[in-house]
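Undergrad: In this text, residue positions in the sequence shown follow full-length UniProt numbering: the first is 1, and each later residue adds one.
Okay, handing you the structure first.
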Amino acid sequence: MKTISAILRAKPGAEATLRAALLDVAAHVAANEPDTVGFFVSQDEGDPTRFTTYERFADAAAMDRHNGSEAVARFFSIAQPLLDGEVILVTADEISAR
(Lines of atoms letter the chains of each structure in order from A and count residues from 1; the text may use other names and numbers.)
(Lines give C-alpha, C1' and ligand atoms only; values in the text may rest on other atoms or scores of the structure.)
Protein backbone atom coordinates (compact mmCIF):
# COMPACT_ATOMS: atom_id res chain seq x y z
CA MET A 1 0.00 0.00 0.00
CA LYS A 2 1.37 3.42 -0.96
CA THR A 3 0.66 6.38 1.31
CA ILE A 4 1.07 10.11 1.37
CA SER A 5 1.02 12.22 4.51
CA ALA A 6 0.81 15.97 4.02
CA ILE A 7 0.99 18.88 6.43
CA LEU A 8 -0.34 22.19 5.17
CA ARG A 9 -0.57 25.52 6.94
CA ALA A 10 -3.05 28.19 5.90
CA LYS A 11 -2.35 31.87 6.23
CA PRO A 12 -4.39 33.32 9.11
CA GLY A 13 -7.90 34.03 7.88
CA ALA A 14 -7.68 31.49 5.02
CA GLU A 15 -8.55 28.42 7.09
CA ALA A 16 -12.15 28.07 5.86
CA THR A 17 -11.17 28.32 2.20
CA LEU A 18 -8.35 25.79 2.55
CA ARG A 19 -10.63 23.45 4.49
CA ALA A 20 -13.30 23.67 1.76
CA ALA A 21 -10.71 23.00 -0.96
CA LEU A 22 -9.44 19.91 0.89
CA LEU A 23 -12.99 18.64 1.36
CA ASP A 24 -13.63 19.13 -2.38
CA VAL A 25 -10.69 16.81 -3.10
CA ALA A 26 -12.06 14.30 -0.60
CA ALA A 27 -15.46 14.38 -2.35
CA HIS A 28 -13.78 13.84 -5.72
CA VAL A 29 -11.81 10.90 -4.32
CA ALA A 30 -14.95 9.30 -2.88
CA ALA A 31 -16.82 9.62 -6.17
CA ASN A 32 -14.07 8.86 -8.69
CA GLU A 33 -11.08 7.02 -7.24
CA PRO A 34 -11.88 3.43 -6.26
CA ASP A 35 -8.17 2.60 -5.91
CA THR A 36 -7.66 5.38 -3.38
CA VAL A 37 -8.31 3.22 -0.33
CA GLY A 38 -8.52 6.10 2.14
CA PHE A 39 -8.33 9.88 2.05
CA PHE A 40 -8.38 11.44 5.51
CA VAL A 41 -8.31 15.17 6.24
CA SER A 42 -7.76 16.65 9.70
CA GLN A 43 -7.62 20.17 11.10
CA ASP A 44 -5.47 20.71 14.18
CA GLU A 45 -7.66 21.44 17.19
CA GLY A 46 -4.99 23.62 18.81
CA ASP A 47 -3.93 25.43 15.62
CA PRO A 48 -6.77 25.76 13.10
CA THR A 49 -4.34 26.96 10.43
CA ARG A 50 -2.70 23.51 10.32
CA PHE A 51 -4.21 20.67 8.29
CA THR A 52 -3.01 17.14 7.67
CA THR A 53 -3.99 14.53 5.13
CA TYR A 54 -3.34 10.81 5.17
CA GLU A 55 -3.88 9.17 1.82
CA ARG A 56 -3.82 5.42 1.11
CA PHE A 57 -3.53 3.96 -2.38
CA ALA A 58 -3.86 0.39 -3.64
CA ASP A 59 -0.62 0.80 -5.60
CA ALA A 60 1.74 3.35 -7.15
CA ALA A 61 -0.45 3.67 -10.26
CA ALA A 62 -3.44 4.69 -8.12
CA MET A 63 -1.28 7.25 -6.33
CA ASP A 64 -0.08 8.63 -9.66
CA ARG A 65 -3.66 8.86 -11.00
CA HIS A 66 -4.72 10.75 -7.88
CA ASN A 67 -1.76 13.13 -7.97
CA GLY A 68 -2.31 13.77 -11.68
CA SER A 69 -6.04 14.35 -11.35
CA GLU A 70 -7.84 17.56 -12.23
CA ALA A 71 -9.11 17.67 -8.62
CA VAL A 72 -5.58 17.83 -7.21
CA ALA A 73 -4.54 20.43 -9.81
CA ARG A 74 -7.61 22.52 -8.94
CA PHE A 75 -6.84 22.19 -5.23
CA PHE A 76 -3.30 23.51 -5.64
CA SER A 77 -4.44 26.39 -7.84
CA ILE A 78 -6.80 27.45 -5.04
CA ALA A 79 -4.48 26.60 -2.15
CA GLN A 80 -1.17 28.02 -3.38
CA PRO A 81 -1.89 31.66 -2.47
CA LEU A 82 -3.45 30.58 0.83
CA LEU A 83 -0.50 28.53 2.10
CA ASP A 84 1.83 29.78 4.78
CA GLY A 85 5.05 27.99 3.84
CA GLU A 86 5.79 24.81 1.95
CA VAL A 87 3.60 21.71 2.05
CA ILE A 88 5.39 18.91 3.88
CA LEU A 89 4.89 15.65 1.97
CA VAL A 90 5.92 12.16 3.01
CA THR A 91 5.40 9.40 0.44
CA ALA A 92 5.79 5.96 1.99
CA ASP A 93 5.07 2.25 1.88
CA GLU A 94 2.55 1.37 4.59
CA ILE A 95 3.94 -1.32 6.87
CA SER A 96 1.09 -1.59 9.38
CA ALA A 97 -2.59 -0.68 9.20
CA ARG A 98 -3.90 -1.49 12.61
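Built from N, CA and C at the ideal position, the CB exists for glycine as well.
#1: Report all residues from its chain with a CB closer than 8 Å to the CB of lysine 11; omit the five preceding and five following residues, and keep chain order.
#2: In the structure shown, what three-state DSSP assignment does arginine 50 receive?
#3: Over the uninterrupted alpha helix (DSSP H) stretch that includes arginine 9, give me the two end residues.
#4: In this structure, does DSSP put serine 77 in helix, strand or coil?
#5: For the ligand ZN, I want to know if aspartate 24 counts as a neighbour, meaning its beta carbon is within less than 7 Å of at least one of the ligand's heavy atoms.
#6: Helix, strand or coil, according to DSSP, for valine 25 in the structure here?
#7: Which word fits alanine 61, buried or exposed, when buried means at least 16 other C-beta atoms lie within 10 angstroms of its C-beta?
#8: Have a look at Gly38, Ala20, Ser42, Asp44 and flag the residue whose alpha-carbon is nearest the alpha-carbon of phenylalanine 76.
#9: Using the rule of at least 16 other Cβ atoms within 10 Å of the residue's Cβ for burial, across every protein chain shown, is glutamate 94 buried or exposed?
TA: So, to answer that:
#1: On the sequence shown, residue 11 is found 11 positions in, with the first residue counted as 1. Close CB contacts of lysine 11 within its chain, under the 8 Å cut and outside five residues either way in sequence, are with Thr49, Leu82, Leu83, Asp84 (chain order).
#2: The residue given as residue 50 occupies position 50 in the sequence shown. Note: arginine 50 maps to strand in three-state DSSP.
#3: In the sequence shown, residue 9 corresponds to position 9, counting from 1. Not the alpha helix (DSSP H): arginine 9 falls in the beta strand (DSSP E), residues 2–9.
#4: In the sequence shown, residue 77 corresponds to position 77, counting from 1. In the structure shown, serine 77 sits in a helix (DSSP, three-state: H, G or I).
#5: What this structure holds is no ligand at all, so the ligand ZN is not there to describe.
#6: For the purposes of this step, residue 25 is identified with residue 25 of the sequence shown, where counting begins at 1. Secondary structure at valine 25: helix, using DSSP grouped into helix, strand and coil.
#7: If you number the sequence shown from 1, residue 61 lands on position 61. Answer is exposed; the Cβ neighbour count stays below 16.
#8: Start at 1 with the first residue of the sequence shown, and residue 76 comes out as number 76. Phenylalanine 76 has its Cα closest to that of Ala20, out of Gly38, Ala20, Ser42, Asp44.
#9: Position 94 of the sequence shown, counted from the first residue, corresponds to residue 94. It is exposed - the Cβ of glutamate 94 has fewer than 16 other Cβ atoms within 10 Å.
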